[in-house]
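Residue numbers (this note's numbering): 128 to 404. Just below is one structure, and these are the notes that go with it.
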Amino acid sequence: MGIEVKEILAKKILTEAKGYLDVGFTHSLNPYSGCAFSCRYCYVREMPIQKFKEIPWGEWLDIKANAAENYRNEIRKLREKNKPVNIFMSSVTDPYQPIERKAKITRSILEEMIENPPDFLQIQTRSPLITRDIDLLKKLNEICEVLVSITVETDREDMKTIFSPYAPGIKLRIKALKEIHDAEISTQASISPVLPFTPDFPKVLIGIADHIWIDTLSIGDGFMGKRSERLGMPELFQQHELSKWYRKDLHLMVGRYFTKYFPAEMIRISKKEAFPK
Numbered sequence: 128m129g130i131e132v133k134e135i136l137a138k139k140i141l142t143e144a145k146g147y148l149d150v151g152f153t154h155s156l157n158p159y160s161g162c163a164f165s166c167r168y169c170y171v172r173e174m175p176i177q178k179f180k181e182i183p184w185g186e187w188l189d190i191k192a193n194a195a196e197n198y199r200n201e202i203r204k205l206r207e208k209n210k211p212v213n214i215f216m217s218s219v220t221d222p223y224q225p226i227e228r229k230a231k232i233t234r235s236i237l238e239e240m241i242e243n244p245p246d247f248l249q250i251q252t253r254s255p256l257i258t259r260d261i262d263l264l265k266k267l268n269e270i271c272e273v274l275v276s277i278t279v280e281t282d283r284e285d286m287k288t289i290f291s292p293y294a295p296g297i298k299l300r301i302k303a304l305k306e307i308h309d310a311e312i313s314t315q316a317s318i319s320p321v322l323p324f325t326p327d328f329p330k331v332l333i334g335i336a337d338h339i340w341i342d343t344l345s346i347g348d349g350f351m352g353k354r355s356e357r358l359g360m361p362e363l364f365q366q367h368e369l370s371k372w373y374r375k376d377l378h379l380m381v382g383r384y385f386t387k388y389f390p391a392e393m394i395r396i397s398k399k400e401a402f403p404k
């Protein structure tokens with residue numbers, strides 16, 4: 128799959144948290160626009176950022192070349208006003224998609240955060256590339272609260288192939304989660320959205336995830352499942368004889384199942400428990 132890449136100068140890098148994130152986060156931070164992982168269920172496909180694009184989702188990417196500089200200027204202004212800064216990185220892209228290996232925009236932001244730390248930073252990614260930055264994450268963890276949340280929607284590679292064929296392998300993500308946890312940085316396994324998994328899935332996460340986050344296509348797309356429906360998810364589940372996994376109460380069922388393996392306080396359910404405090 129080809130991808131059109133452009134460098135841009137962003138007007139701002141911190142966006143005031145609204146909607147789904149307005150539960151304790153103050154800002155979202157997206158080092159890129161667009162996402163090469165191009166997951167079939169991604170709700171961003173139904174948002175204005177993509178709706179008004181002629182190029183399909185997954186085939187374009189904007190690199191925000193001035194992201195670190197913008198962050199420095201913006202957080203200093205917030206600090207002058209004594210504003211709290213609780214950041215979700217990222218909400219409409221993946222901060223560690225393949226281009227980050229060369230562009231290092233996310234790494235430059237983390238370097239700036241060490242000089243001008245937020246109060247809280249949650250990094251949301253599905254990429255094992257995040258382990259490259261453990262050195263910076265450990266430094267940042269000493270001066271502010273850091274949570275690394277790695278998306279692990281399932282423990283079945285065949286499900287990943289159906290729903291997110293361009294995303295990193297599940298085993299690689301689980302290995303990355305362990306490396307981050309071993310570095311004594313708080314970790315979260317983000318089962319978002321829940322895809323069909325084996326009965327042993329919870330066991331894989333024991334000892335490497337401090338928190339379990341459960342989200343589904345029905346409650347986590349920002350429109351109570353309507354975006355997922357427009358993306359054809361019910362039909363895709365049906366096509367692969369997985370319809371029993373596409374139900375409104377799936378989050379409750381999965382939550383109950385995971386409490387057999389984890390203390391209830393370790394398990395969080397979308398959306399009210401999104402902010403981990």
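All C-beta atoms in this analysis are idealised placements derived from N, C-alpha and C, irrespective of residue type, glycine included.
Limits of the alpha helix (DSSP H) - the one that residue 238 falls within
232 to 242
Beta-carbon proximity list for residue 268, same chain, < 7 Å, skipping 5 on both sides
312
Which same chain residues, not among the five before or five after residue 169, have their C-beta less than 6 Å away from its C-beta?
none
Residue of 193, 374 and 253 minimising C-alpha distance to residue 276
253
Spatially closest choice to residue 241 from 228, 229, 251 and 273, by CA coordinates
273
Per DSSP, residue 411 forms a beta bridge with which residues?
Here the chain comprises residues numbered 128 to 404, so residue 411 is not present and cannot be evaluated.
Name the residue from 220, 191 and 197 whose alpha carbon lies nearest to the alpha carbon of residue 174.
220
With burial defined as no fewer than 16 other Cβ atoms inside 10 Å of the residue's Cβ, what is the status of residue 157: buried or exposed?
buried
Given residue 337, which residues of its chain have a CB within under 6 Å of its CB, disregarding the five upstream and five downstream residues?
313 and 314
Within its chain, find whatever has a CB closer than 8 Å to the CB of residue 287; leave out the 5 residues flanking it on each side and keep chain order.
280, 281, 294, 296, 297 and 322
Take residue 449 as the anchor and find which of 393, 263 and 379 has the nearest alpha-carbon.
The structure shown does not extend to residue 449, since the chain spans only 128 to 404, so no value can be given for it.
Can you tell me whether residue 338 is helix, strand or coil according to DSSP?
strand
Cα-Cα, which of 291, 212 and 238 is closest to residue 265?
238
Three-state secondary structure (DSSP) of residue 132:
strand
Whole-angstrom C-beta distance between residue 187 and residue 408, which should lie under 8 Å:
Since the first residue of the chain shown is 128 and the last is 404, residue 408 is not available in this structure.
Among 390, 333, 374 and 218, whose alpha-carbon lies nearest the alpha-carbon of residue 251?
218
Would you say the segment 203 to 214 touches the segment 380 to 393, given that touching needs at least three Cβ pairs under 8 Å?
no
Reduced DSSP secondary structure (H/G/I, E/B, other) of residue 385:
helix
Should residue 354 be labelled buried (16 or more other beta-carbon atoms within 10 Å of its own) or exposed?
buried
Close-in-space but distant-in-sequence residues of the same chain around residue 212 (CB under 7 Å, 5 per side omitted)
153, 154, 202, 205, 245 and 246
Less than 7 Å between C-beta atoms, sequence neighbours within five positions excluded: which residues of the same chain meet that for residue 320?
168, 280, 342, 343, 344 and 347
May I ask you to list the residues that DSSP assigns as paired with residue 248?
214 and 273
Contact set for residue 243: own chain, Cβ-Cβ below 7 Å, skip 5 residues either direction:
199, 202 and 203
Taking only runs that begin and end inside the segment 260 to 333, name each unbroken alpha helix (DSSP H) of 4 or more residues, in chain order.
261 to 268, 284 to 290, 297 to 309 and 328 to 332
Whole angstroms is fine: what's the gap from residue 305's alpha carbon to residue 335's?
5 Å
Using only alpha-carbon positions, find the residue among 302, 142 and 248 that is nearest to residue 259.
302
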